[in-house]
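First up is the structure itself, then whatever we jot down about it.
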Amino acid sequence: MEKRVTFSRWTIGILFAVPQLLLIFTFFYWPAGQAVYWSLTLQQPWGGGNIWVGLDNFRSILSNADYWNSISASLIFAGISTGLAMFIALVLAALTDRQLAGSRLYRVVLIWPYGIAAPALALAFRFILAPEAGFMAVVNQVWPGFWDPGLDGADAMASIIVAFSWKYVGYNFIFFLAAFQAIPRSLIEAAAMDGSGVIRRFWDIQFPLITPTIFFLLVINITESFQDSFGIVDIMTSGGPANATNLMVYKIYSDGFKGLDYSGAAAQSIILMMLIIVLTIFQFRFIERRVHYR
Amino acid sequence: MASITIRDVTKSYAKMQVVHGVSLDFASGEFVVILGPSGCGKSTLLRMIAGLEDISGGTIAIDGTVVNKLEPRERGCAMVFQNYALYPHMSVSQNIGYSLKVSGVPAAERTQRIQAVARTLELEHLLDRKPMALSGGQRQRVAMGRAMIREPKVFLFDEPLSNLDAKLRVQMRSEIRKLHRRLAATSVFVTHDQVEAMTLADRLVVMNGGRVEQVGTPAEVYSRPASRFVATFVGAPAMNILEGTVTLDGLSLLGDSRKLNVSRTGLPVGSKVAAGIRPESVRLVAAGTPGALEATVDLVEELGAGRVVYVDLDGAPFSVVTSETVHPVPGSTVGLQFSEADLHFFSSETGSRLDVFKASVPEPAL
């Protein structure tokens, strides 16, 4: 039975909640409110008041081709990196779950990437993927000019996708492994007795039973790929070349703090927030239906 | 229908050997129960037959084909698991029909066979339910159906009744028995419950510590236990054991208070022997009856039809099953009588049965 703590007076309960409420208000609702206000005004870059402009900021952003380019770059980044991070983690977790040699080591080691700050890992990948000295230099020697993230937008996008996925593979792996291990061994054995091979068992038994975890990670990964990508983009590509990796979250920063267009950046934040909200609602509405909760 | 031949099978995990050279033959269509305490290697042996555990040494053959290297699905066995292991995301009919789906049986035939199995097991009205919405007994039946539908050569049961309540267990027991009579597939049933074992088995295999202690019909195992372990494990309450020493003229039990005349033991004087007597072979008589052993009553367990009387016999615990209308009071003194012919003898060293003893007329006690 669930144990519940009850307070004799509701004021005591509220008192306990105050620190958390204060944090949420200070670091979420207040800035979000400010952003909404700024997005509806024209802020002076050097201070000195503002002018109410209504939805003009949104109109100008949405009529800008650069911004649409940023949205599509973000969606491509989110789609591929989420897919890659989840797929690799799923395969690794499925193999580890089969108790292959070294599985105890992976279990520990694979969470480490998630503990590394995005800029630090981005710097590492900048060296690793450097066209003149990294791993790809070998390829470049065979096919000169094959790999150059400094010039080729697709290469740059691939670089940040690799870096981001690398970080989230570890995170996803831990959740997938926990989900696999929660499946009773005897279910797998029963399926084996029923004549089902390793691959068939995976699709018929294990995969349906870990769908709640897959769904959870899908929501988290997509959300994070819109937000946690900033550090990686900033260090690896700075949004270039030619805006190819100018993701929405990075464009907000560069327009706001480098271009000093506070109002435009605020409006972009609101759009990004709405996009994530819509995507999450979509996932809960349409994907969650296919989840088997046990 | 298939015979199973097990030859010198061993199983070792990293450092521990859990099955020590087991050799058994199961005839085609036989219902064999492997009985033993937990950790005796009985489930491991079953899982090796199923192909869920690697065989460390020896061979297992089904119908003459050595299956050591075959995948579970290639062995033609079906298994019912202790916790049923039903697929929680599939309906009852999907659970039952999964093996057919895997082997590519067309949907129409599949439905027909699922219906047939469901009819046998009285599951027809539950076919669309998920396992979560079933009772324990219904889940058990679905697990049986899943095993049955493949028409396997061999049925393997891994303590399938241990999660059921007492009433349901008795009911499922007779259902399994009936089912076996109808399907006549070779069945291997693992349990630690001796009542289950005795009632189900054509033949009983008693295991202990990774070794086979005895193989025989339930009646044989009960009436002629091959070892001290079997004697005390099969039968409830357990067989009484009295330690004794071989003397010049027989066997002295309970210190020197009681002697049995034994002709030609063939054992050296002074060797230790254990004598066993089943609680149901002991008669409770009034204290002071000539020839009876005197004992103090410790505890009386009422069973309705009879009662188990636990007594203290010269410091050794001893139990008696009586259906007579005597109601001994704890603390009182009673007399115990039994026929020497009902005694079983075991070597105290090896625990194995000794048939050299022929008990004859006892000397007057005390």
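The listed protein sequences correspond, in order, to chains F and E.
Quick note: the first sequence, position 42, residue 40 per the numbering used here, numbers continuous.
Count along the second sequence starting at 1, add 131, and that's the number in the numbering used here.
Every residue gets a Cβ at the ideal spot worked out from N, C-alpha and C, and that includes glycine.
Owing to the predicted nature of the structure, the values given are computational and were not obtained by experimental measurement.
Residue 450 of chain E is positioned such that its CB atom lies closer than 8 Å to that of residue 368 of chain E.
Residue 205 of chain F sits away from residue 160 of chain F, with the two beta carbons spaced by 8 Å or more. Following the DSSP letters along the chain, one finds residue 210 of chain E inside the beta strand (DSSP E) bounded by residues 208 to 211. Under the three-state reduction of DSSP, residue 247 of chain F is assigned to helix. Here residue 142 of chain E has 149, 150, 175 and 187 as same chain residues with Cβ atoms under 6 Å from its own Cβ, once five neighbours each way along the sequence are excluded. Assignment of alpha helix (DSSP H) within the stretch 329 to 405 of chain E, counting only whole runs of 4 or more residues, yields 349 to 354 and 359 to 364 in chain order.
Taken through DSSP and simplified to helix, strand or coil, residue 78 of chain F comes out as helix. Segment contact: the stretch 375 to 385 of chain E against the stretch 351 to 365 of chain E, fewer than three CB-CB distances shorter than 8 Å; contact not assigned. The Cβ atoms of residue 217 of chain E and residue 273 of chain E lie closer than 8 Å to each other.
Taking residue 159 of chain E as reference, the option from E:317, E:190, E:266 and E:220 with the minimal CA-CA separation is E:317. Spatial neighbours of residue 168 of chain F in its own chain (CB-CB distance under 7 Å, excluding positions within 5 residues in sequence) are listed in chain order as 108, 109, 110, 111 and 112. Counted as a single uninterrupted DSSP element, the beta strand (DSSP E) harbouring residue 450 of chain E occupies residues 447 to 453. Identification of chain E residues near residue 184 of chain F by a Cβ-Cβ cut-off of 7 Å yields 212, 214 and 216, ordered along the chain.
Cβ atoms of residue 415 of chain E and residue 461 of chain E stay farther apart than 8 Å, at about 14 Å. When DSSP states are grouped into helix, strand and coil, residue 233 of chain E belongs to the helix group. Assignment of beta-bridge partners to residue 166 of chain E by DSSP yields E:322 and E:337. Closest in C-alpha terms to residue 216 of chain F, from the list F:39, F:88, F:246 and F:119, comes F:88. DSSP places residue 200 of chain F outside any alpha helix (DSSP H), giving it a letter other than H or E.
Here residue 417 of chain E carries a strand assignment [DSSP, helix/strand/coil]. Beta-bridge partners of residue 243 of chain E (DSSP): none assigned. Relative to residue 199 of chain F, the option among E:230, E:152 and E:165 whose CA is nearest is E:230.
Per DSSP, residue 266 of chain F is not a residue of any beta strand (DSSP E); the alpha helix (DSSP H) it occupies stretches across 260 to 280. For residue 97 of chain F, there is no enclosing beta strand (DSSP E), as DSSP marks it with neither H nor E.
Secondary structure at residue 286 of chain E: strand, using DSSP grouped into helix, strand and coil. Look at residue 138 of chain F here: in three-state DSSP terms it is helix.
Interface annotation for the stretch 320 to 338 of chain E against chain F: empty, criterion Cβ-Cβ distance under 9 Å. DSSP places residue 161 of chain E outside both helix and strand once states are collapsed to three, so it counts as coil. Here the alpha carbon of residue 266 of chain E sits roughly 14 Å from the alpha carbon of residue 298 of chain E. Only residues of its own chain outside the window of five on either side were considered, and among them 203, 206, 208, 210 and 287 have a CB closer than 8 Å to the CB of residue 181 of chain E, listed in chain order. Burial state of residue 486 of chain E is exposed, judged by a 10 Å Cβ sphere holding fewer than 16 other Cβ atoms. Per DSSP, reduced to three states, the secondary structure at residue 271 of chain E is helical. At least one CB atom of chain F sits nearer than 8 Å to the CB of residue 203 of chain E.
Taking C-beta atoms as the reference points, residue 155 of chain F and residue 145 of chain F fail to come closer than 8 Å.
Scanning its chain for C-beta atoms nearer than 8 Å, with the 5 sequence neighbours on each side dropped, one finds around residue 52 of chain F the residues 38, in chain order. In this structure, residue 220 of chain F sits near residue 76 of chain F, with a CB-CB distance shorter than 8 Å. Residue 209 of chain E reaches chain F at 191, counting residues in chain order whose Cβ is nearer than 7 Å.
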